[in-house]
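Read top to bottom, the protein sequences are chains A and B. The first sequence begins at 8 in my numbering and counts up one residue at a time. The second sequence begins at 534 in my numbering and counts up one residue at a time. Glycine included, every Cβ here is placed at the ideal spot set by N, Cα and C. A short write-up of the structure that comes next.
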Amino acid sequence: MPASSSPRPVAYLDHGATSWPKPEQVVHAVTRALTELGGNPGRGAYAMALAASRAIFESRRTCAELLGVPDSRDLIFQPSCTAGCNLMLKGTLKPGDRVVVGSMEHNAVARPLEHLARTGVEVVVVQGDRTGLVDPDDVEREVRAAPTRAVVCQHASNLTGTIQLIGDLADIAHEHGALMLVDGAQGAGHVDVDIRVLGIDAYATSGHKGMLGPQGVGLLYLSPDLDVQTQVQGGTGGGGSESPDMPIERPDRYEAGTANTPGILGLGAGAAFLITEGARQHRREAELARQLIEGISTIPGFRVLGPPAGAPRVPIVSAVHDRVDADRIAFALDRTYGIAARAGLHCAPWAHRTIGTVDCGAIRLGIGWGNTGEHIDLALRALRDIVSS
Amino acid sequence: MSGRPLRSFAVLGFATTHTALAAEQLLKDLGVPVTPIPAPTSIGGALCGIALRLDPGDVERAETLLERAELPVAARGEIEDV
Chain A
8 MPASSSPRPV
18 AYLDHGATSW
28 PKPEQVVHAV
38 TRALTELGGN
48 PGRGAYAMAL
58 AASRAIFESR
68 RTCAELLGVP
78 DSRDLIFQPS
88 CTAGCNLMLK
98 GTLKPGDRVV
108 VGSMEHNAVA
118 RPLEHLARTG
128 VEVVVVQGDR
138 TGLVDPDDVE
148 REVRAAPTRA
158 VVCQHASNLT
168 GTIQLIGDLA
178 DIAHEHGALM
188 LVDGAQGAGH
198 VDVDIRVLGI
208 DAYATSGHKG
218 MLGPQGVGLL
228 YLSPDLDVQT
238 QVQGGTGGGG
248 SESPDMPIER
258 PDRYEAGTAN
268 TPGILGLGAG
278 AAFLITEGAR
288 QHRREAELAR
298 QLIEGISTIP
308 GFRVLGPPAG
318 APRVPIVSAV
328 HDRVDADRIA
338 FALDRTYGIA
348 ARAGLHCAPW
358 AHRTIGTVDC
368 GAIRLGIGWG
378 NTGEHIDLAL
388 RALRDIVSS
Chain B
534 MSGRPLRSFA
544 VLGFATTHTA
554 LAAEQLLKDL
564 GVPVTPIPAP
574 TSIGGALCGI
584 ALRLDPGDVE
594 RAETLLERAE
604 LPVAARGEIE
614 DV
């Protein structure tokens, strides 16, 4: 039973929303930023500001190493993955452009595209299948149909855990002269990301989900040749301060305003942790996801969404029950069992519409660092109890 | 002040703090002593971040190394300091 006075869950299974707990290194890095590195990075040459600048420099390099980004200057710190998606989309698409996008997108992509559609961007949505997979052949058919500026697709679904074939989609996009833009919120940290291999033009990701950093920070990779219009203008602390325009040099071009030093250092620590522990962590997450899917599948009335057990996925497991609403399940999991999980539409109405759950939502259990087999066993016992009572 | 005689130093300025720090690390790793300083307005480039101070005799080698590493120098100058 959960402790009555503490909000700390007995089992945290909402890693699709944000990771918790954080590795000790992340906590230490954030604490160090707040206690020792309080100067404004890039805004002075006194010792504490310089130390903060160096720490951010190292965090950027560590994140670049994890993601296979050849030049860390092409890796931009953002307030969130959503901010990165907005920059990547609004900075590259203009009225008259045509964009082909998968139907499993989160609102971080769907809403900016809906906004751009009202400005004259043609948005063509390619339907995913019932497991959430967007078929590259369907994308190619649409890209062939008319000149296309960009193909946009998530790396993995925050609803079904489905891993999209973004490498294949990038090949298709480039073959037809289009850009490949990826929302990697649920990808980086849960699956290997090697920008050099994927060959994509832009990849936005969250800093606080699979990357294990604190909330309030995200990353955006932009390929060196990609011309992205700035969406935020302001001080950068570097050169050309007298110019009315943002500098052309990265990362400053896209990083106006004081940097989130605690967030960035925490993110860098998360990336460093993943460089050494990531492979083992991915295997563990996959095994726990398989255990959870197989277990839920044995509970009468439940239907697990997305790819079948054992198929590649990020460790997100969503399900619907034929009699008990998802919100009631989430409430009971929390109040009775101390299990943190999320019901509803998960800010992904497109995805729910794609797989036929937009009217009922789903209960989502997101696995990540810190989860154990005991957590999965507890969740399975709780789910069985809830729907049988 | 120390009363020590003033010395001439070369100063290299960079467009971004990131490039300045990458340059600092590269040069130190390759045995070129540099010191980060507040970018002097006298070297131009409207810099308000950091610049690298180094011995004038090291400038040519430093610039060669930086060019090879694609770390462009945005401004150059000299200062006198202790």
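- prompt: So what's Phe280 of chain A in DSSP terms, helix, strand or just coil?
  reply: Start at 1 with the first residue of the first sequence, and residue 280 of chain A comes out as number 273. Phe280 of chain A: helix per DSSP, three-state reduction.
Assigned secondary structure, Ile255 of chain A (DSSP; H/G/I helix, E/B strand, else coil): The sequence position of residue 255 of chain A within the first sequence is 248, counting from 1. If DSSP states are grouped into helix, strand and coil, Ile255 of chain A belongs with coil.
query: Hey, quick one: how far does the alpha helix (DSSP H) through Phe338 of chain A stretch, first residue to last?
result: Counted from its first residue, the first sequence places residue 338 of chain A at position 331. Note, Phe338 of chain A: alpha helix (DSSP H), 333-344.
Contact under 9 Å by Cβ, Leu227 of chain A with Thr99 of chain A: Taking the first sequence and counting its residues from 1, the one referred to as residue 227 of chain A is at position 220. Taking the first sequence and counting its residues from 1, the one referred to as residue 99 of chain A is at position 92. Cβ atoms of Leu227 of chain A and Thr99 of chain A: not closer than 9 Å.
message: Output needed in chain order: residues of the stretch 246-261 of chain A with a Cβ under 9 Å from some Cβ in chain B.
response: Gly246, Gly247, Ser248, Glu249, Ser250, Pro254, Ile255, Glu256, Arg257, Pro258, Asp259, Arg260
- prompt: Excluding sequence positions up to five away, which residues of its chain have a Cβ less than 8 Å from the Cβ of Glu43 of chain A?
  reply: Your numbering for residue 43 of chain A matches position 36 in the first sequence. Taken in chain order, the residues that qualify are Met55, Ala58.
query: What does Leu233 of chain A touch in chain B if you count any residue whose Cβ is under 9 Å from its own?
result: Locating residue 233 of chain A in the first sequence gives position 226, where the first residue counts as 1. Chain B residues near Leu233 of chain A: none, gap ~17 Å exceeds 9 Å.
task: Could you tell me whether any Cβ in chain A is nearer than 9 Å to the Cβ of Phe547 of chain B?
output: Residue mapping note: residue 547 of chain B aligns to position 14 of the second sequence, counting from 1. Chain A, which has a Cβ nearer than 9 Å to the Cβ of Phe547 of chain B, makes this yes.
message: With DSSP as the reference, identify every bridge partner of Met218 of chain A, one or two as the case may be.
response: The residue labelled residue 218 of chain A in the question sits at position 211 within the first sequence. Bridge partners of Met218 of chain A: none, in fact.
task: Check distances from the C-beta atoms of the stretch 57-68 of chain A to those of chain B and list, in chain order, the residues that come in under 8 Å.
output: Leu57, Ser60, Arg61, Phe64, Arg67
field: Near-chain B residues of the stretch 74-108 of chain A - C-beta to any C-beta below 9 Å
entry: Asp78, Ser79, Arg80
query: Nearest chain A C-beta to Pro571 of chain B closer than 9 Å, yes or no?
result: Taking the first residue of the second sequence as 1, we reach residue 571 of chain B at position 38. Output row for Pro571 of chain B: interface = yes.
query: Going straight from the alpha carbon of Gly214 of chain A to that of Arg537 of chain B, what length do you get?
result: By one-based count along the first sequence, residue 214 of chain A stands at place 207. By one-based count along the second sequence, residue 537 of chain B stands at place 4. If you take the alpha carbons of Gly214 of chain A and Arg537 of chain B, they lie about 49 Å apart.
query: Helix, strand or coil: which one does DSSP assign to Gly223 of chain A?
result: To locate residue 223 of chain A, count along the first sequence from 1; it is residue 216. Three-state DSSP puts Gly223 of chain A in coil, outside helix and strand.
- prompt: Name the chain A residues that come within less than 7 Å of Leu554 of chain B, Cβ to Cβ?
  reply: Numbered from its first residue, the second sequence carries residue 554 of chain B at position 21. Chain A residues near Leu554 of chain B: Ser60, Arg61, Phe64.
message: Buried or exposed, going by whether 16 or more other CB atoms sit within 10 Å of the CB of Ile282 of chain A?
response: On the first sequence, residue 282 of chain A is found 275 positions in, with the first residue counted as 1. Label assigned to Ile282 of chain A: exposed.
- prompt: How do the stretch 163-171 of chain A and the stretch 314-324 of chain A stand: do at least 3 beta-carbon pairs fall below 8 Å, yes or no?
  reply: yes
message: Give the list of continuous beta strand (DSSP E) stretches no shorter than 3 residues that lie fully inside the stretch 534-576 of chain B.
response: 540-546, 567-571
query: Any idea what DSSP makes of Met111 of chain A, helix, strand or coil?
result: By 1-based counting over the first sequence, the position of residue 111 of chain A is 104. In this structure, Met111 of chain A counts as coil in the three-state DSSP scheme.
task: May I have the straight-line CA-CA distance separating Leu545 of chain B from Gly196 of chain A, to the nearest angstrom?
output: Residue mapping note: residue 545 of chain B aligns to position 12 of the second sequence, counting from 1. Residue mapping note: residue 196 of chain A aligns to position 189 of the first sequence, counting from 1. Using only the alpha carbons, I get a separation of about 38 Å.
field: Alpha-carbon to alpha-carbon, Leu387 of chain A and Leu295 of chain A
entry: In the first sequence, counting from the first residue as 1, residue 295 of chain A sits at position 288. In the first sequence, counting from the first residue as 1, residue 387 of chain A sits at position 380. One C-alpha to the other measures close to 12 Å.
Residues near Gly109 of chain A in its chain [Cβ-Cβ closer than 8 Å; skip 5 each side]: Counting from 1 along the first sequence, the entry for residue 109 of chain A is found at position 102. Result list for Gly109 of chain A: Val132, Val133, Gly135, Val141, Val146, Val159, Cys160, Gln161, Gln171, in chain order.
- prompt: Nearest to Gly573 of chain B by alpha carbon, out of A:Gly45, A:Asn93, A:Gly51?
  reply: Taking the first residue of the second sequence as 1, we reach residue 573 of chain B at position 40. Before going on, a small fix: residue 573 of chain B reads as Pro here, not Gly. When only C-alpha atoms are compared, the closest one is A:Gly51.
query: Just curious, the beta strand (DSSP E) that His328 of chain A is in, first and last residue?
result: Start at 1 with the first residue of the first sequence, and residue 328 of chain A comes out as number 321. His328 of chain A -> beta strand (DSSP E) spans 323-328.
query: Over what stretch of residues does the alpha helix (DSSP H) that includes Arg68 of chain A continue unbroken?
result: As a position in the first sequence, residue 68 of chain A is number 61, starting the count at 1. 54-74 is the span of the alpha helix (DSSP H), which, as asked, contains Arg68 of chain A.
query: Is the stretch 10-30 of chain A touching the stretch 336-346 of chain A, taking contact as three or more C-beta pairs under 8 Å?
result: yes
message: Looking at the secondary structure, which residues open and close the beta strand (DSSP E) in which Thr212 of chain A lies?
response: Along the first sequence, one-based indexing puts residue 212 of chain A at 205. Its beta strand (DSSP E) spans residues 209-213.
query: Taking the continuous beta strand (DSSP E) assigned at Leu186 of chain A, which residues delimit it?
result: As a first step, residue 186 of chain A is located in the first sequence; it is residue number 179 there, counting from the start. Unbroken beta strand (DSSP E) run through Leu186 of chain A: 186-190.
field: Cβ-based neighbour list, Leu539 of chain B, same chain, cut-off 8 Å, excluding 5 preceding and 5 following
entry: As a working mapping, residue 539 of chain B is identified with position 6 in the second sequence. Answer for Leu539 of chain B: Glu613, Asp614, Val615, listed in chain order.
task: Measure the alpha-carbon distance for Glu121 of chain A versus Leu188 of chain A and round it to whole angstroms.
output: Residue numbering aside, residue 121 of chain A sits at position 114 when the first sequence is read from its first letter. Residue numbering aside, residue 188 of chain A sits at position 181 when the first sequence is read from its first letter. For Glu121 of chain A and Leu188 of chain A, the distance between alpha carbons rounds to 16 Å.
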